[in-house]
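**Q** In terms of the numbering used here, the sequence shown opens at residue 66 and continues consecutively.
Before we start, here is the structure in question, set down as structure tokens.
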Amino acid sequence: MACTFEKVLADTRTLLERLKEHDTAAEGLIEQSEALNQRVQGMREVGNALPDKHTDDSSEIQELTKYKPHVLLTQENTQIKELQRENKELWVSLEEHQYALELIMCRYRKHVLQLMMAKKELDTKPVLSLHEDHAKEVQSQVERICEMGQVMRRAVQVDDKHYCCVRERLAQLEVRNAVIHGHNDTFPLEVCGKICDFTTDLRHQLLCQNDAMIIEDHKCK
């Protein structure tokens, strides 16, 4: 096997450059996640301050402020879901990066060992077989991590579709509810109460689903 020490060093330099690029990309993702978290915190503070700030305004402004916390809550949930998705992808990428680095180092040690043993004219089969077994194990772990990443991405896509459908249905119900409240004289009170109760239950279910997802993500981490 034609393998020189200069070739091994050149391959090592190339791998180090790639690892630096991956580290830079990971740092960029972390900075973006922190920026999104700060934006979410700011939106949450604004949402908490709105009900106390406009208590003495006109009736029209008070009617508008009733819907602001829900709008801010929807935006906050969207930002949190995007942040969670980016965090999941970041963790999967970091794990893949670590296992790939370990596999590269195993191959590098194997080449160095071959060069050293070739000079000393010793039997390298036991040590090489051990390194090959370790490399196979690392490779299988990398494949499992990749499969887990694909499953997580598919789950996030399915959850996003369900979340969008629920939001669309909730928006339709809110529009209908507003129309019904505008025509209280001609619309039965029992139907108004049922639609309001259904809208409230749907909101509560959406918030419970988001809280459950956040708790499951914390448990997985």
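Backbone N, C-alpha and C define an ideal beta-carbon position, used for all residues, glycine too.
Predicted, not measured: the structure shown is a model, and the values here were computed from it.
(1) Taking Cβ positions, are residue 334 and residue 207 nearer each other than 8 Å?
(2) To the nearest angstrom, how far is the alpha carbon of residue 82 from that of residue 165?
(3) Helix, strand or coil for residue 72? Go by DSSP, reduced to three states.
(4) By the 10 Å Cβ neighbour count, where 16 or more other Cβ atoms means buried, how is residue 203 classified, buried or exposed?
(5) Which residues in the same chain have their Cβ closer than 6 Å to the Cβ of residue 95, if we skip the five residues on either side of it in sequence?
(6) Round the Cβ separation of residue 173 and residue 105 to the nearest angstrom and send it over; I've been treating them as touching at under 8 Å.
(7) If we call anything under 8 Å between Cβ atoms a contact, is residue 109 one with residue 221?
(8) To the nearest whole angstrom, what separates the beta carbons of residue 157 and residue 214, a pair I think is in contact under 8 Å?
(9) Which whole-angstrom value describes the C-beta separation of residue 169 and residue 80, a residue pair presumed to lie in contact below a C-beta threshold of 8 Å?
(10) Skipping 5 residues on each side, what residues in its chain have a beta carbon closer than 8 Å to that of residue 199?
(11) Find out if the Cβ-Cβ distance for the pair residue 205, residue 152 is shorter than 8 Å.
(12) Does the Cβ of residue 175 have 16 or more other Cβ atoms within 10 Å, making it buried, or fewer, making it exposed?
(13) Going by beta-carbon coordinates alone, are residue 101 and residue 167 separated by less than 8 Å?
(14) One question on the structure: do residue 91 and residue 195 come within less than 8 Å of each other, judged by their Cβ atoms?
**A** A quick look at the data gives this:
(1) Within the shown structure, residues of the chain are numbered from 66 to 286, placing residue 334 beyond reach of any answer.
(2) 14 Å
(3) helix
(4) buried
(5) none
(6) About 43 Å separates the two Cβ atoms, so there is no contact after all.
(7) no
(8) 4 Å
(9) 5 Å
(10) 171
(11) Contact flag unset, no.
(12) A residue is called buried when at least 16 other Cβ atoms come within 10 angstroms of its Cβ; residue 175 meets this threshold and is buried.
(13) no
(14) no
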